[in-house]
Amino acid sequence: MARKVIKLILGDQLNENHSWFDKIDDEVLFVMMEVRSETDYVKHHIQKVVAIFDAMRKFAEILTDKGHQVKYFKINDADNQQSITKNLESLAQQVGAQEIHHQLPDEFRVDEELKSLSKNRLPFIVSDSEHFLTTRDELKNLFEGKKMYLMETFYRKMRVKHQVLVDSANQPVGGKWNFDQENRKKVPKNHQIQTTEIKAKDCSEVYEDILKAGIQTLGTINPTQFHWTTTRTEAIELLEEFVEKALPLFGTLQDAMTEKHWYLYHSRLSFAMNVKLISPLEIIRRVEKAYYNESERYELNQIEGFIRQILGWREYMRGIYWAKMPEYASMNFFSHQRKLPSWFWTGDTKMNCLKHAIDQSLDQAYAHHIQRLMVTGNFALLTGIHPDEVDQWYLGIYIDAFEWVEITNTRGMSQFADGGIVGSKPYVSSASYIDKMSDYCQNCLYKKEVKIGEGACPFNSLYWNFFDANQEKLKSNPRLGMMFNVWNKMNPKQKSEILHQAEYYLENIERL
Ligand code: FAD
Ligand code: DLZ
Ligand code: SF4
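Its first residue numbered 6, the sequence shown is counted upward by one per residue in my numbering.
Here you go:
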């Protein structure tokens, strides 16, 4: 009798090039499932749930068309028990499966759930997801015994290991590993933004199923004009368009923010990559090829800036996640306790930068890196919001939010709740940075240059208040010495007025 093997494909494991699919095998039954355990562990943005279900359904269709056997549980199917393990167990019994296979999940929570199932009677066989450029434990092993996990050290090793932008002596092409200094420009006045376009499709059927199931979501959607890439073909098309239209300016304007455009020269590839429709290596190689073939069109700072995000930051964050979970999820270095103001769910604030970043996140399930780090994240850190609250918001709202990359960026890089594992100092700023990188302050009711009194920008007093409150915890940080010098030398009256202003804003946080 033929051995029946069940192979589980999770919603973020849509890798058509995985060796599992190399040949058709009638003994293998692939299983995919839309389940409440995954839709409800946090309140997700409606566009995120639609994108995942749409991508999963289309992936199942592709496998079926190729001749593979697929059991697909839709969210409203009568036999769906709404849990990965329950569906797996009953399916295994039903088809008389003798083995269950799965790929390494990216989330600790799901890893634990699947491990608990493996204690049951059936052999459980685990494969790599064949997506990342590092193994789960590579970063942990690399930094074994060391206190600091420097991203830059890791990134350079990755450049050499994967022979990306290095010469035959393993030295960086162009003589430098990092072109960050050139990548901090604001959008110039009168600049015409010519970037990738929005390509919409109809996702009403998936959307109706989600409504019918009664899944609680946040944010808005126009299901007939849905634009997130949900197939490999769409992801490759977006990559090509990105290389053609946005890459030439990616680095220069990667930190810029503007009211005029919600993604500027960013790629919008994070969702497709995180659900594995497209691989990091193919994106890196494509971008590298553009540079080598047309170096007159693509400057090295644009190319290196983009590659660093994927080969450096993305892999590094995953490495930190597996090195530090589960302790990471409860770290709260500053012991922050405040709740997020309710306007994080409505955008109803007078602070123009926050209004803009939040409205955009609710409407598009997207904000780019600097909006996440230096607007919403900056505000949450300066106002002492509990990292659990911040994590829940980021994990829910963004199209690309999966815990391994969300928590390390949010709790780590943005909130410094890990005490400095990911970042060497907290990312906070007053209005001057936001003004330097955006056009938000021009249309704001608050005054960017004012610290105290009527109309003073809240970021200005909250900034100093944060350092004053956390002086003990931060004073030995060599990167903050100059800042503490400035604060400690300020005249006492001015200091006290600033602290009072911050206190007033904190007490009235709901009305900012
Ligand atoms: P681009 O700017 O075009 O960058 C290209 C790619 O680089 C991205 O698609 C992404 O895969 C990778 N990348 C860039 N920065 C990072 C980073 N810091 N960490 C990991 N990968 C990176 N990214 C997520 O994928 N999921 C998250 O849940 C997430 N949460 C974040 C939370 C905070 C507080 C911050 C500051 C950043 C977060 N990021 C997250 C990183 C980054 O903001 C997004 O990857 C990026 O905005 C996605 O848009 P894009 O594809 O247009 O990126
Ligand atoms: C995020 C998500 C959602 C909303 N729904 C599903 C689902 O119904 N079925 C599924 O297999 N995966 C879903 N996902 C993605 C999972 O959360 C992801 O696969 C795990 O977190 C493992 O990283
Ligand atoms: Fe934001 Fe302050 Fe600028 Fe207003 S003035 S947009 S609140 S930084």
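Built from N, CA and C at the ideal position, the CB exists for glycine as well.
### Task
Measuring only between beta-carbons, confirm whether residue 388 sits less than 8 Å from chain D.
Absent from the structure: chain D. Only one protein chain is present.
### Query
Is residue 373 closer than 8 Å to residue 271 when the C-beta atoms are compared?
Contact flag set, yes.
#### Entry: Distance CB(residue 338)-CB(residue 417) smaller than 8 Å
No.
### Query
Would you say residue 407 touches ligand 2, meaning its beta carbon is less than 7 Å from a heavy atom?
Yes - ligand 2 has a heavy atom lying nearer than 7 Å to the Cβ of residue 407.
### Query
Under 8 Å between the Cβ atoms of residue 310 and residue 259?
Cβ atoms of residue 310 and residue 259: closer than 8 Å.
### Query
Taking Cβ to Cβ, would you say residue 517 is nearer than 8 Å to residue 510?
One thing to note: residue 517 has its Cβ within 8 Å of the Cβ of residue 510.
### Local conformation of residue 12 per DSSP, three classes
In this structure, residue 12 counts as strand in the three-state DSSP scheme.
### Where the beta strand (DSSP E) containing residue 104 begins and where it ends
Counting along the chain, the beta strand (DSSP E) containing residue 104 begins and ends at 104-108.
### Query
My guess is that residue 404 and residue 381 are in contact by the Cβ rule of under 8 Å, so how many angstroms apart are they, rounded?
About 15 Å separates the two Cβ atoms, so there is no contact after all.
### Message
Using only CA atoms, which one of 499, 369, 490 lies nearest to residue 455?
### Response
Put simply, of 499, 369, 490 the residue whose alpha carbon is nearest the alpha carbon of residue 455 is 499.
### Task
Decide if residue 205 is buried, meaning its Cβ has at least 16 other Cβ atoms within 10 Å, or exposed.
With fewer than 16 other Cβ atoms within 10 Å, it is exposed.
### Query
By how many angstroms is the C-alpha of residue 28 removed from the C-alpha of residue 6?
Reliability fails at residue 6, whose pLDDT of 43 lies under 50, so the model's placement of it is uncertain and no value is given.
### Message
Since residue 217 and residue 81 should fall inside the 8 Å C-beta cutoff, what is the C-beta to C-beta distance between them, to a whole number of angstroms?
### Response
Between residue 81 and residue 217 the Cβ distance is about 6 Å, and since that is below 8 Å, they are a contact.
### Message
Quick check on the DSSP output: the beta strand (DSSP E) that includes residue 223 runs from which residue to which?
### Response
Counting along the chain, residue 223 sits inside no beta strand (DSSP E), nor does DSSP assign it H or E at all.
### Query
Does the beta carbon of residue 364 fall short of 7 Å from some heavy atom of ligand 3?
No heavy atom of ligand 3 is found nearer than 7 Å to the CB of residue 364.
### Message
So, with DSSP's three-state summary, where would you put residue 18?
### Response
Three-state result, residue 18: coil.
### Query
How would you call residue 150, buried or exposed, if buried means at least 16 neighbouring beta carbons within 10 angstroms?
With fewer than 16 other CB atoms across the displayed protein chains lying within 10 angstroms of its CB, residue 150 is exposed.
### Nonlocal neighbours in the same chain, by C-beta distance under 7 Å from residue 302, ignoring five residues either side
Excluding sequence neighbours, residue 302 sits near 253.
### Query
In chain order, what residues of the same chain lie with their CB nearer than 6 Å to the CB of residue 358, ignoring the 5 residues before and after it?
Same-chain partners within the cutoff: 380, 439, 445.
### Query
Hey, out of 300, 192, 388, 497, whose CA is closest to residue 179's CA?
Closest option to residue 179, judged by alpha-carbon separation, among 300, 192, 388, 497: 300.
### Check: residue 357 C-beta below 7 Å from any heavy atom of ligand 3
Under cutoff, so the answer is yes.
### Query
Candidates 212, 58, 9, 307: which alpha carbon is nearest residue 98's?
The residue with the shortest Cα to Cα distance from residue 98 is 9.
#### Entry: residue 77, enclosing alpha helix (DSSP H) - first and last residue
It is not in any alpha helix (DSSP H) - residue 77 instead sits in the beta strand (DSSP E) that spans 74-78.
### Task
With a cut-off of 8 Å on the beta carbons, I'd call residue 79 and residue 222 a contact; round off their distance for me.
At roughly 17 Å, the Cβ-Cβ gap does not stay under 8 Å, so residue 79 and residue 222 are not in contact.
### Message
In whole angstroms, give me the CA-to-CA distance for residue 138 and residue 318.
### Response
Straight-line spacing of the CA atoms in residue 138 and residue 318 works out to 12 Å.
### Task
Taking residue 329 as the reference, give the member of 144, 77, 163 with the closest Cα.
Comparing C-alpha distances from residue 329 to each of 144, 77, 163 shows the shortest one belongs to 144.
### Query
So does residue 52 have its beta carbon nearer than 7 Å to some heavy atom of ligand 1?
The answer is no for residue 52.
#### Entry: Residue interval of the beta strand (DSSP E) (run including residue 488)
Here residue 488 belongs to no beta strand (DSSP E); instead the alpha helix (DSSP H) covers 486-494.
### Query
Counting pairs of Cβ atoms below 8 Å between the region 14-31 and the region 107-117, do you hit three or more?
With a cut-off of 8 Å, the region 107-117 and the region 14-31 count as touching, because enough Cβ pairs lie within range.
### Task
Compare the beta carbon distance of residue 164 and residue 155 with 8 Å and say whether it is the shorter of the two.
Not in contact: residue 164 and residue 155 (Cβ atoms no closer than 8 Å).
### Message
Give me the residue from 461, 102, 433 with the minimum Cα distance to residue 126.
### Response
Per the Cα distances, 102.
### Query
Taking buried to mean at least 16 other C-beta atoms within 10 Å of its own C-beta, is residue 396 buried or exposed?
Answer is buried; the Cβ neighbour count reaches 16.
### Query
So is the beta-carbon of residue 304 under 7 Å away from any non-hydrogen atom of ligand 2?
No, the Cβ of residue 304 stays beyond 7 Å of every heavy atom of ligand 2.
#### Entry: Proximity winner among 443, 489, 486, 462, relative to residue 194 (alpha-carbon distances)
Checking every option, the nearest Cα to that of residue 194 belongs to 443.
### Query
Can residue 56 and residue 235 be called in contact, C-beta distance under 8 Å?
Contact: yes.
### Message
Considering only heavy atoms of ligand 1, does any lie closer than 7 Å to the CB of residue 486?
### Response
In terms of side-chain proximity, the C-beta atom of residue 486 is found no nearer than 7 Å to any non-hydrogen atom of ligand 1.
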